Amino acid sequence: MTGECSTKFSLTFSGGSTSDGNFLLGDDVAMKLSYNYGADRIINGQPFSPAASQIVDVALSSLTPGTTPAAGSKTATLTVTLNLL
Numbered sequence: 183m184t185g186e187c188s189t190k191f192s193l194t195f196s197g198g199s200t201s202d203g204n205f206l207l208g209d210d211v212a213m214k215l216s217y218n219y220g221a222d223r224i225i226n227g228q229p230f231s232p233a234a235s236q237i238v239d240v241a242l243s244s245l246t247p248g249t250t251p252a253a254g255s256k257t258a259t260l261t262v263t264l265n266l267l
């Protein structure tokens, strides 16, 4: 939205989730999202207010520590909600 609008906003990412608020890909991969160079975590279903120009960091891990996810494609449906403040 840089150069387009000076309005403040929040974003909410919602989708399948793990017990700790991360996102679920397939049935065995956890996806942790953060911004501000990893300092601020994006929690599933909770709004956050990044700067107008931010990079979202993605960290993938096995849903069950110490195991390897099954081979193949992992998919998830995420809903992104933009709330102009």
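Using our numbering, the first residue of the sequence shown is number 183, and each one after it goes up by one.
Glycine included, every Cβ here is placed at the ideal spot set by N, Cα and C.
In this text the structure is predicted, and so the values were computed from the model without any measurement.
What did DSSP end up calling residue 257 once you bin it into helix, strand or coil?
If you number the sequence shown from 1, residue 257 lands on position 75. Here residue 257 sits in coil by DSSP.
With a CB to CB cut of under 6 Å and the five nearest residues on each side skipped, what residues in its chain are close to residue 231?
Mapped onto the sequence shown, residue 231 falls at position 49. Only 192 meet the Cβ criterion.
Does the distance from the C-beta atom of residue 207 to that of residue 256 stay below 7 Å?
In the sequence shown, counting from the first residue as 1, residue 207 sits at position 25. In the sequence shown, counting from the first residue as 1, residue 256 sits at position 74. It is a contact, given that the beta carbons lie within the stated cut-off.
What does the Cβ neighbour count give for residue 267, buried or exposed, with the cut at 16 atoms within 10 Å?
Indexing the sequence shown from 1 puts residue 267 at position 85. Residue 267 comes out exposed.
Report the partner residues of residue 222 according to the DSSP bridge assignment.
To locate residue 222, count along the sequence shown from 1; it is residue 40. DSSP, once it has assigned bridges, lists 217 as partnering residue 222.
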